[in-house]
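Note sheet for the following structure.
2 protein chains.
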Amino acid sequence: MTALQSPFARKLGAFVALSEEELSALDSLYGRRKAFPAGRDMVHQGQTDQSAYILASGWVCSYKLLSGGSRQIVDFQIPGDFLGLRSVLFRTSDHNVEPVTRVEASEVLAKDLLETFSKTPRLATAVLWAASRDEAMVVEHLVGIGRRNAKERMAHFLLELGARLKLVGLGSTSGYACPLSQYLLADAMGLSAIHVNRVLRELREEGLVTFQHGQVEFDDLDGLVLLADFDKTYLDHDGPLLK
Amino acid sequence: MTALQSPFARKLGAFVALSEEELSALDSLYGRRKAFPAGRDMVHQGQTDQSAYILASGWVCSYKLLSGGSRQIVDFQIPGDFLGLRSVLFRTSDHNVEPVTRVEASEVLAKDLLETFSKTPRLATAVLWAASRDEAMVVEHLVGIGRRNAKERMAHFLLELGARLKLVGLGSTSGYACPLSQYLLADAMGLSAIHVNRVLRELREEGLVTFQHGQVEFDDLDGLVLLADFDKTYLDHDGPLLK
């Protein structure tokens, strides 16, 4: 896979029109490619000297573990996303990263990342953009849990995933493949699995979206956007600002 | 005020040991200093071509407005914090920024920021660190609303603010001045103002923390940390990683 085709390059390319030199700097970050099985943490909350990863294929979730043993899923990551960026910038990882499916990811050491930034500073700005987009998504999840009802929250979540997957070539306006179980959805959205099941059935019966057999199909995209009050401004997918 | 003493330089200095050149690059960002009255938005959700600001004095809150008219406060910003960074990296601002008190802030245009990053790339990494820390705080607020009870949530919030203020020289382990009303606290924490009032009374009566007359006093810091399960790892205040 060349850097031009990689999900990471496609994603950063949404902010910076990448030069040959920048593409080859990205390429050099993909050297240490590894595979990870589903269900075993790649990054551990509380550990020091953790690596970061660029996700090439598969899905992961990042979550916080509470002292009582419960957990809160903060977000899911898809190909092109950085995993554990904070784990290399901070000394200690503040969250866990667990593969939802088998994944392939490139390990990135802090020093390689910092070296790349110093040689190709526009990439630092692109990664800052990507981190800001990640923050914007967590903000939306906070607003979802704080202010949106279960149906709006689910609709917003499915639309956001769709827009993210489309950017890296893994989805379209008609839908996308999605390996998330109703338990994972429940954990991310602060709902019970039964509630998730009911909300998905309602959305399907209203002809808005169907999530079945690992496939999300948008039956009425405009209607779903309206229901969720989904304003994709926060994803900033309108093409590179840095030419 | 020299860059060395500014809250922004103190904060970035927690990640990067700033050189003379870097300090003077920061200095040049402070040129367009402006004052803003309390209660009038500085950055507007949905607007394009918004400036970002570096907060020099006073407190602001950032919030999302929902179509129904309700709002969710995402975080409060204190001196040294970037306001509306996403508003310049993205084309359109995805949130509002409102001064809680009278504030002074330096306007930063996108082009000045990008120019500074390209001349002094370590500052881009430092701002990436600061943005990652902001994201980590939003994650904590998400976990708070999703999983912590009202008392733990409040304790965590007061401890986080204390650590942030201490880093920029505005607080100590004994406490800090805090201009936030119970209405603002309620809005940020997803509680009613009456509930906030009750929780603050309980925390005071248990000898843990007193928030009265605009002053937060830690009466039993260790006890409060224990109650909140506060692990300040996510604030990464242990001194510069980049020498």
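Protein chains in written order, with the UniProt record's numbering: chain L, 1 to 243; chain S, 1 to 243.
Beta carbons: idealized from backbone N, C-alpha and C, even for Gly.
Who are the near neighbours of residue 247 of chain S in its chain, counting only those whose CB is closer than 7 Å to its CB and skipping five residues on each side?
This structure gives no information on residue 247 of chain S, because the portion of chain S shown stretches from 1 to 243.
With 16 other Cβ atoms within 10 Å as the buried cut-off, status of Ser6 of chain L
buried
Enclosing alpha helix (DSSP H) for Leu123 of chain L [first to last residue]
Pro121 to Arg147
Measure the beta-carbon distance from Pro121 of chain L to Phe15 of chain S and round it to whole angstroms, keeping in mind my assumption that it falls under 8 Å.
Not a contact, Cβ separation roughly 17 Å.
In the DSSP assignment, the beta strand (DSSP E) including Glu206 of chain L goes from what residue to what residue?
Premise fails: Glu206 of chain L is in no beta strand (DSSP E) and is neither H nor E.
Please report how far the alpha carbon of Ser19 of chain S lies from the alpha carbon of Lys11 of chain S, in whole angstroms.
14 Å
Could you check whether the Cβ of Glu135 of chain L sits closer than 8 Å to any Cβ belonging to chain S?
yes
When Cβ atoms are compared, which residues of the stretch 140 to 169 of chain S fall closer than 7 Å to chain L?
His141, Leu142, Val143, Ile145, Gly146 and Arg147
If you run the structure through DSSP and keep just helix, strand and coil, what is Pro99 of chain S?
strand
Flag this pair as touching only if the stretch 152 to 161 of chain S and the stretch 225 to 232 of chain S have three or more C-beta atom pairs under 8 Å; answer yes or no.
yes
So, do the stretch 168 to 188 of chain S and the stretch 65 to 77 of chain S have three or more beta carbon pairs nearer to each other than 8 Å?
yes
Check Ala14 of chain L in the structure and name its three-state DSSP category.
coil
Bridge partner(s) assigned by DSSP for Ala228 of chain S
Paired residue(s): none; Ala228 of chain S is not in a bridge.
Closest residue to Ala124 of chain L among L:Lys166, L:Gly13, L:Phe211 and L:Leu161 (Cα-Cα distance)
L:Gly13
So for Ile54 of chain L, helix, strand or coil by DSSP?
strand
Contact between the stretch 105 to 112 of chain L and the stretch 51 to 61 of chain L: three or more CB pairs below 8 Å?
yes
Decide yes or no for the touch test of the stretch 39 to 51 of chain L against the stretch 139 to 149 of chain L: beta carbon pairs closer than 8 Å, at least 3 of them.
no
What number of angstroms, rounded off, separates the C-alpha of Leu23 of chain S from the C-alpha of Gly80 of chain S?
14 Å
Whole angstroms is fine: what's the gap from Val97 of chain L's alpha carbon to Lys34 of chain L's?
15 Å
Got a sec: does the ligand FAD put a non-hydrogen atom nearer than 7 Å to the Cβ of Leu170 of chain S?
The ligand content of the structure shown is nil, which means the ligand FAD is not present either.
Quick check: the Cα distance between Arg86 of chain S and Trp129 of chain L, rounded to an integer number of angstroms?
8 Å
So which of L:Val196, L:Gly223 and L:Thr92 has the shortest CA-CA distance to Leu241 of chain S?
L:Thr92
Less than 8 Å between C-beta atoms, sequence neighbours within five positions excluded: which residues of the same chain meet that for Leu170 of chain L?
Pro7, Ile78, Pro79, Tyr176 and Ala177
Please report the straight-line C-alpha distance between Lys243 of chain L and Gln47 of chain S, rounded to a whole angstrom.
22 Å
Residue from S:Tyr63, S:Asp238 and S:Gly68 whose Cα sits closest to the Cα of Lys166 of chain S
S:Asp238
Assuming Arg164 of chain S contacts Leu235 of chain S under a Cβ cut-off of 8 Å, what Cβ separation, rounded to an integer in Å, is found between them?
7 Å
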